[in-house]
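Chains as they are written, first to last, in our numbering: chain A, 1058 to 1383; chain B, 20 to 504. Encoded as structure tokens, the structure appears first; notes follow it.
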Amino acid sequence: MIAYLVRRALYAIPILIGVNALTFALFFVVNTPDDMARMQLGVKRVTPEAIEQWKHEHGYDVPLLFNAQESGFGHFTSTVFFRHSLKLFTFDFGRAESDGRDIGSEIRRRMWPSLSIALPVFVIGLAAYVSFALILVFFRGTYVDDGGVILCVAAMSISAMFYIIAGQYVVGKLWHLTPISGFGDGLDAWRFIILPIAVALVSSFGEDTRLYRTFFLEETGKDYVRTARAKGLPEHRVMFGHVLRNALIPILTGAVVVVPRLFLGSLVLESFFGIPGLGSFTIDAIGAQDFAVVRTMVFLGSLLYIVGLTLTDLSYTVVDPRVRFS
Amino acid sequence: MILPVRPVIFTTDALVYAMVLTTAIFAWWARRDENLSSAWRRVVRSRRGVIAGTFLGLFVTVGLLDSIHFRTVVESGRTSETTRYSADVVSLLDTIVTPLRTHVEKSFSAPLAAYGYTKERIERPDGSVTRGYPRLAFGGAHLADPGTQRWPDILRRALKGEVMAACVWILLVSVATLTVARGSRQSFAVSSRLLWSSTATRPWRSVLVAIACFLVVAGPMAVLSVAYHVFGTNKVGQDVLYLVLKSIRTGLVIGTVTTLVMLPFAIALGVAAGYFGGWVDDVIQYLYTTLNSIPGVLLIAAAVLMMQVYMDKHAEQFDTLALRADFRLLFLCIILGVTSWTGLCRLLRGEALKLREMEFVQAARALGVRPWRIILRHVVPNVMHIVIITTVLGFSGLVLAEAVLSYVGVGVDPSMNSFGTMINASRLEMARDPVVWWPLSAAFVFMLALVLSANVLADVVRDALDPKRAERPSGGQGDETGARA
């Protein structure tokens, strides 16, 4: 088990290097730091001095990959690649380019609001969609199932943004049940997160329920189900005792991969509801063209994805005794 | 020779027609393939599939009409040198719906309204000034007294629209019946019965029903839109119906051109990884795991930000607004394609791994057929169903993704009409009092119709093509349907 984890960790390194190289190419080779400075300073006629000043302040006034002016390690350490790409591996994210805030402390502060929405959505959603899918499969071949599938297809054909706008308008503006947007401190926050959670649950209902339904249907076709029926088990015992437990394997492993990324929050949801989480942080950074923040989030996202993949493999061994580490 | 118009071909126009051509060639090729053509017959037999396909076909028609661009003559001269063309590029669709395009009000107005949405200073003929709702320049402008005449006028026009729709539909039914009559060598009455029987091999009935549904709505809308704004107007007074019609092309371009970009990557890399294995497999797996691990929206955002810097630097290459918007749309499709090939690639790799061990492939290898020939003749045709299923399923996702990306600020150019930009604008409109609900509603209805028909069609196509589902009894609802009852 330990050996397996170590191997997975080692496997992650080339991928993270690849991500890093890709973002580096995207951010520094396609466009030089000069272009970024011009963009940040925002004016058409920027003096060369102002650009140099900006590059110096943000640590871009060094060569990209190799610094001939320095000696020893300085050849490599005082380069843009080292300062801005490799440093991410040590979780030293530097400062935001637009307002100079420390990115690391921003992330530590902002991940809690993100988590306060993403975690309930994940847990309630998983439970609700699995139950609903199970009901549909229980009534398969009847009007309940047909109606449910039609509902799912219709629900997944609606853009999430419609759900958000409609939710804000109906619940927040017409009924005055919850604040339309914003966030509170401590426990007071529940008033603000309840609507985003509800909207997120509704908007992913169609796609997930349908997916889980196909997982269940796949299982109902297997031989062990036929055996269970043949030996006279009542339908509900077949469904809950056999089908549910076996279908949970693909469902759980599919769900586990997203768990680490819950920290990052949802871009659209958070920015619509004015929640000071990592999603709105990212969206603000994109809007302000703050490359340091975008780069950090790309790195974190990839890292968490790889963690998720490893967790998926681990969860296989927990839920499926046939799978062993080799 | 003096052309009445000067054609303008945007890159995305060319690619859209390339996609149409590719689909046509593929369809011709698939006719000879027994598996694919029998699957196609299953799609056609499905009533849901045919109805969804008809609606999708209507959307595609609008999109294709909107993909033929040209500049019209403003001043005709003797020779082509002296003829001056307008600087505005319009599409064929623009020309067809000229009233919608040119009837621009000052600002918001509600659907079918004759008065504006906000109060203004109005000068009376006698010189005095009052505050009130101004009459619209086009919406209901022909009415002397909108208060009493507007609803009767709307009803009369709507009825006229329905009558026209009925005429068109009857014409279509007769054409269809005549076609059946020619094909089956039966009399008109017999073919008419053939046409409407539920066991007909060709889905005329479903197509005609779908078109009837469309005409019932579209007929009155077309007649009304000449004198009113059916969906109202937006902040700068543009007709919302015109905006949603223009948005259709953007959605379709994103859906199709992205697929066109993605397919070569996915097929070549996926099949190569599965077939060759070894280090080729390792490299390709590494490639798609890396790409997959980057959060999609962020990668797109980063790429689009970079493109903006590039476009600012090379402003001289994009001299017109339309060219800029088109380049941005193309770039968005490319970057969406680059980020979205990984899923299909992984599926194809798995399938190619299985096919490699099949007897017919091993036999070909034993006979000394070259690897790339085996891939082209034996592997690729056998993974085609996965390609089709993924492509059709992915289409609606891409249309929805456009809206989110436009909201994030990395979608299409703000000057380009799209569902995303409409939803984006409606965020502020919903906060007004009284609420401006019509642009959002119009975008909602059209987008839902487009995505829903794509989703339903995708469902039917998947049921028809997926061998695992096709083996099950009709409906693909699991094999135990009868056992429980």
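Glycine residues also receive a C-beta, built at the ideal position from the N, C-alpha and C atoms. The model shown is predicted, which means the values in this text are computed figures rather than measured ones.
Exercise for review: Compare the beta carbon distance of Y261 (chain B) and V116 (chain B) with 8 angstroms and say whether it is the shorter of the two.
Suggested key: Contact check for Y261 (chain B) against V116 (chain B) passes: the beta carbons are separated by less than 8 angstroms.
Exercise for review: Report the option in B:D32, B:A382, B:D85, B:G256 whose CA atom is closest to the CA atom of W7 (chain B).
Suggested key: Missing from the structure shown is residue 7 (chain B); chain B here goes from 20 to 504 and no further.
Check your understanding: Which first and last residues belong to the alpha helix (DSSP H) in which T149 (chain B) is found?
Key -> Not the alpha helix (DSSP H): T149 (chain B) falls in the beta strand (DSSP E), residues 148-151.
Practice item. List the residues of chain B that P1071 (chain A) touches, going by C-beta distances under 7 angstroms, in chain order. Key: Residues of chain B with a Cβ closer than 7 angstroms to the Cβ of P1071 (chain A) are, in chain order, Y305.
Exercise for review: Consult DSSP for F89 (chain B) and reduce its assignment to one of helix, strand or coil.
Suggested key: Looking at F89 (chain B) - three-state DSSP - the assignment turns out to be strand.
Point to revise | Outcome for Y1200 (chain A) when other beta-carbon atoms lying within 10 angstroms are tallied against a minimum of 16 | key: By the neighbour-count criterion, in which a residue is buried when 16 or more other Cβ atoms sit within 10 angstroms of its Cβ, Y1200 (chain A) is exposed.
Exercise for review: To the nearest angstrom, report how far apart A468 (chain B) and R1152 (chain A) are at their CA atoms.
Suggested key: One C-alpha to the other measures close to 46 angstroms.
Check your understanding: Name the DSSP bridge partner or partners of Y1068 (chain A)?
Key -> Partner(s): none; Y1068 (chain A) has no beta bridge.
Point to revise | Span separating the alpha-carbon of M1213 (chain A) from that of T277 (chain B) | key: Using only the alpha carbons, I get a separation of about 21 angstroms.
Review point. Under 7 angstroms Cβ-Cβ, which residues of chain A neighbour F463 (chain B)?
Key: Those are F1219, listed as they occur along chain A.
Exercise for review: Could you please give me the residues that DSSP links to Y134 (chain B) through a beta bridge?
Suggested key: According to DSSP, Y134 (chain B) bridges with B:R154.
Practice item. Say whether chain B places a C-beta atom closer than 8 angstroms to the C-beta of T1080 (chain A). Key: Taking 8 angstroms as the threshold, the shortest C-beta distance from T1080 (chain A) to chain B falls below it.
Practice item. Measure from the C-beta of I1354 (chain A) to each C-beta in chain B and report whether the shortest distance is under 8 angstroms. Key: With the sequence shown as reference, residue 1354 (chain A) is identified as Met, and Ile is not the correct amino acid for it. Cβ-Cβ to chain B under 8 angstroms: yes for M1354 (chain A).
Review point. Based on Cα-Cα distance, which residue from A:R1197, A:G1116, A:R1165, A:E1154 lies nearest to F1148 (chain A)?
Key: Per the C-alpha coordinates, the member of A:R1197, A:G1116, A:R1165, A:E1154 positioned closest to F1148 (chain A) is A:R1165.
**Study point:** Spatial distance of T102 (chain B) from P153 (chain B) (CA atoms)
**Key:** For the pair T102 (chain B) and P153 (chain B), the Cα-to-Cα distance works out to about 41 angstroms.
Practice item. Please work out which residues of its chain come closer than 8 angstroms, Cβ to Cβ, to F379 (chain B), disregarding the five sequence neighbours upstream and downstream, and give them in chain order. Key: Within the same chain, F379 (chain B) has close Cβ partners H397.
**Study point:** Opening and closing residue of the beta strand (DSSP E) in which F24 (chain B) lies
**Key:** For clarity, residue 24 (chain B) is Val in the given sequence; the question names Phe instead. That run of the beta strand (DSSP E) goes 24-27.
**Study point:** Integer-rounded CB distance, given that Y294 (chain B) should sit under 8 angstroms from I230 (chain B)
**Key:** The pair is not a contact, with the Cβ atoms about 45 angstroms apart (cut-off 8 angstroms).
Check your understanding: According to DSSP, what are the bridge partners of E139 (chain B)?
Key -> Beta-bridge pairing links E139 (chain B) to B:G151.
Review point. Under a three-way DSSP split, which group does T1235 (chain A) fall into?
Key: Here T1235 (chain A) sits in coil by DSSP.
Check your understanding: Residues of chain B with a CB under 8 angstroms from the CB of D1280 (chain A): which are they?
Key -> The contact set of D1280 (chain A) on chain B, defined by CB atoms closer than 8 angstroms, is empty, because the minimum CB distance reaches about 12 angstroms.
Exercise for review: Could you say which of B:P453, B:L288, B:P433 lies nearest to A444 (chain B) if we only look at CA atoms?
Suggested key: Selected option, being the one with the closest Cα: B:P433.
Check your understanding: In chain order, what residues of the same chain lie with their CB nearer than 7 angstroms to the CB of L1234 (chain A), ignoring the 5 residues before and after it?
Key -> Taken in chain order, the residues that qualify are V1228.
Check your understanding: Quick one: is I273 (chain B) buried, meaning 16 or more other Cβ sit within 10 Å of its Cβ, or exposed?
Key -> Looking at its Cβ environment, which holds 16 or more other Cβ atoms inside 10 Å, I273 (chain B) is buried.
Exercise for review: With a 10 Å radius around its C-beta and 16 neighbouring C-beta atoms as the bar for buried, classify A1069 (chain A) as buried or exposed.
Suggested key: Answer is buried; the Cβ neighbour count reaches 16.
Exercise for review: Locate the alpha helix (DSSP H) running through D345 (chain B), then write down its first and last residues.
Suggested key: Counting along the chain, the alpha helix (DSSP H) containing D345 (chain B) begins and ends at 340-375.
Review point. Which first and last residues belong to the alpha helix (DSSP H) in which T114 (chain B) is found?
Key: Bounds of the alpha helix (DSSP H) holding T114 (chain B) are 111-115.
Check your understanding: Is there contact here, the segment 196-213 of chain B with the segment 45-62 of chain B, by at least three beta-carbon pairs under 8 angstroms?
Key -> Fewer than three beta-carbon pairs drawn from the segment 196-213 of chain B and the segment 45-62 of chain B are found closer than 8 angstroms, and the two stretches are therefore not classed as touching.
**Study point:** W1232 (chain A) versus A:G1239, A:A1223, A:F1240, residue with shortest Cα-Cα distance
**Key:** Just measuring C-alpha positions, the residue of A:G1239, A:A1223, A:F1240 sitting nearest W1232 (chain A) is A:A1223.
Review point. Taking a cut of 9 angstroms between CB atoms, which residues from the segment 1225-1240 of chain A lie near chain B?
Key: Those would be Q1225, Y1226, K1230, I1237, in chain order.
Check your understanding: Tell me which same chain residues have a C-beta within less than 6 angstroms of the C-beta of S225 (chain B), skipping the five on either side of it?
Key -> Here the set comprises R66, V69, I70.
Review point. Counting along the chain, where does the alpha helix (DSSP H) carrying W456 (chain B) start and finish?
Key: Note, W456 (chain B): premise wrong, no alpha helix (DSSP H); not H, not E.
Exercise for review: Mind checking which residues open and close the alpha helix (DSSP H) that includes F1007 (chain A)?
Suggested key: Given a span of 1058 to 1383 for chain A in the structure shown, any question on residue 1007 (chain A) remains unanswerable.
Review point. Near V1063 (chain A), what residues of its chain come up, given a Cβ to Cβ distance below 6 angstroms and the 5 sequence neighbours on each side ignored?
Key: If we look at V1063 (chain A) and ignore the five residues flanking it on each side, it has no Cβ neighbours.
Review point. Measuring CA to CA, which of B:Y307, B:V24, B:L243 is closest to L1079 (chain A)?
Key: Of the residues B:Y307, B:V24, B:L243, the one whose Cα lies closest to the Cα of L1079 (chain A) is B:Y307.
Review point. Looking at the C-beta of D1092 (chain A), does it have a partner C-beta in chain E at a distance below 8 angstroms?
Key: In the structure shown, chain E cannot be found, because the protein chains are A and B.
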